Structures are given as C-alpha cells and as structure tokens.
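Here this note's numbering is used: the sequence shown runs in plain steps of one and ends on residue 237. C-beta: ideal position from N, C-alpha, C; glycine also. Everything numeric in this text was worked out from a predicted model, so none of it was measured.
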Amino acid sequence: MAAVQRSIEIAVPPEEFFKVVSDYKNYGQFLDEIRDVKLGRRDGNRVEVTYTIEVDAGIAKKAITYTLAHVEAPPSSMKWTMVKGEMMKSNEGGWSIKEAGPGKTLAEYSIEIGFGLLVPKSVAGFLTERNLPKMLEAFKKRAESIRK
Numbered sequence: 090m091a092a093v094q095r096s097i098e099i100a101v102p103p104e105e106f107f108k109v110v111s112d113y114k115n116y117g118q119f120l121d122e123i124r125d126v127k128l129g130r131r132d133g134n135r136v137e138v139t140y141t142i143e144v145d146a147g148i149a150k151k152a153i154t155y156t157l158a159h160v161e162a163p164p165s166s167m168k169w170t171m172v173k174g175e176m177m178k179s180n181e182g183g184w185s186i187k188e189a190g191p192g193k194t195l196a197e198y199s200i201e202i203g204f205g206l207l208v209p210k211s212v213a214g215f216l217t218e219r220n221l222p223k224m225l226e227a228f229k230k231r232a233e234s235i236r237k
C-alpha cells in the first residue's frame with residue numbers, strides 16, 4: 090500500500106474550504122487530471138462519486154475510473170473509501186480541516202492506496218507522491234479565488 094499525508098494552509102475559513110472540497114462535480118475545473126465526475130447516490134452525509142482521471146504512466150497516458158463513497162462532516166472533515174475501481178485494490182483517505190487563525194484553514198490530506206500486482210510504479214507514484222503537492226495547490230488556489 091502507498092500511504093501519503095500532507096498539509097497546506099489556505100487563506101479562507103474552514104467552512105469555505107469545505108465547500109470547495111465537497112463540490113465534486115466541479116473538480117475538473119481546477120484539477121488537470123480529472124476527465125469526468127459523476128455524482129451517484131446520496132444518503133444523508135454519504136455520497137458516491139465516480140471519477141475518471143488521466144495518469145501519466147511514463148511512456149503513455151492512461152485513463153482510470155473508480156468510485157469512492159465520501160462521508161462528509163462539514164466543515165471539519167471528509168473521509169472516503171473505495172466502492173470499486175480499476176488498477177486499485179483499495180483507496181481510503183480524507184481531509185481534516187481546522188481553523189488556523191482568523192479567516193485561515195489548515196487542511197490535512199491523507200490517502201492510502203492499494204494497487205494490483207501489475208500496476209507500474211510510475212502510476213502508483215503519480216496517484217500518491219508525485220501529484221499530491223500540485224493537487225493541494227490547486228485546491229488552495231480554487232478556494233482563495235472564489236472567496237467572497
């Protein structure tokens with residue numbers, strides 16, 4: 090399993106950042122790797138979301154589709170587990186969102202992905218370590234750009 094955890098400070102209150110994190114259908118507007126997002130069943134604070142992303146596997150790009158069940162606890166956290174997916178045996182993670190001072194948020198992102206035996210290390214690296222700093226910056230930029 091590949092596990093990664095990173096934090097970032099954002100210049101918006103936690104409630105505003107949570108709105109960006111839970112706006113799944115618009116992820117493609119600011120996350121380059123997202124090709125498609127389909128919202129599934131919602132049951133209270135649980136929602137299923139199917140993502141299609143494009144990963145750079147070194148010599149070629151590969152589209153991967155997977156469904157996550159998100160459990161929301163606004164504005165302080167979101168956790169997810171994989172319902173089904175390609176190339177992955179598991180995908181669990183979440184956001185921990187805390188106030189970091191007036192109008193500021195400390196957001197901690199964690200993810201743990203289990204891959205099938207035939208998954209190239211380049212794909213595993215893209216989905217965990219390599220893409221993570223860029224993704225966190227994209228969430229930060231999105232939240233700060235739409236702040237009212």
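Test item: CB-CB of residue i and residue j under 9 Å
i	j	result
T139	G129	yes
F119	R231	yes
K193	I97	no
P163	S199	no
Residue i, DSSP secondary structure in three states
i	result
V109	helix
L221	helix
Where residue i falls, given that 16 or more other Cβ within 10 Å makes a residue buried
i	result
I186	buried
T170	exposed
A152	exposed
A196	buried
P191	exposed
Identity of the residues DSSP links to residue i by a beta bridge
i	result
E98	L195
N180	I202
A92	E201
Cβ shell of residue i (< 7 Å), same chain only, five flanking positions each side left out
i	result
P166	Note that residue 166 is Ser in the sequence shown here, rather than Pro. Answer for S166: G183, W184, S185 and I186, listed in chain order.
Y113	V126, L128 and V138
Proximal residues to residue i (C-beta, below 8 Å), its chain only, five neighbours per side dropped
i	result
E233	I99, A100 and V101
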